[in-house]
Amino acid sequence: MRFLTLTLALPACAPSPEVQAILDLEGDDVTGGSLYADRCTECHGESGEGGTAGAIDHPHSDASTVRTIFQGNATMPAFGDLLQDQDIADLNAFVQASIYR
Ligand code: HEC
């Protein structure tokens with residue numbers, strides 16, 4: 025029973041297999057920077073200060089950042105079908121290194 029409870033509790037907090045596969049890659053923040061300029065600046069600003077959408081310059085975990093980029097949210101488009109896993113890993117490396125503070 026205890027095992028069953030743990031199993032049921034997992035999906036809410038554990039990354040999905042798709043997100044985990046991206047988390048297992050090593051991101052390159054330089055490549056991520058050009059992807060960010062192409063895909064994210066309009067909505068979030070050059071330095072994450074906000075644009076047509078809110079600021080994203082406050083820290084988020086790797087898992088939360090990758091999940092948001094992969095699946096989007098209410099108004100942010102999902103990039104999971106538009107970008108390769110490696111692109112999303114690179115984007116995460118860039119925002120972790122240069123946007124979050
Ligand atoms: C069409 C506009 C749009 C684009 C393009 C976009 N986002 Fe978003 N994003 C949003 C909106 C809207 C939210 C919801 C929160 C907000 O407005 O601050 C959000 C939320 C986020 C969050 C979570 C912020 C938080 O405080 O929870 C992150 C991280 C993020 N975006 C990163 C990115 C990255 C990286 C890209 C480029 C791959 C990107 N976004 C592209 C609109 C966009």
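Residue numbers for the sequence shown follow our numbering, so the first one is 25 and each next one is one higher. All residues carry an ideal CB built from backbone N, CA and C; glycine is no exception. Remember, predicted model here, so these are calculated numbers, not experimental data.
Counting along the chain, residue 108 sits inside no alpha helix (DSSP H), nor does DSSP assign it H or E at all. The distance from the Cβ of residue 73 to that of residue 113 is about 24 Å, inconsistent with a contact at the 8 Å cut-off. For residue 73, the secondary structure class from DSSP, reduced to helix, strand or coil, is coil.
Burial is judged here by how many other beta carbons sit within 10 angstroms of a residue's own beta carbon; residue 106 has fewer than 16 and is exposed. DSSP places residue 65 in the helix class (H, G or I) of the three-state scheme. In the structure shown, residue 118 adopts helical secondary structure according to DSSP, grouped into three states. Proximity of the beta carbon of residue 94 to the ligand HEC is not indicated: no heavy atom of the ligand is located closer than 7 Å.
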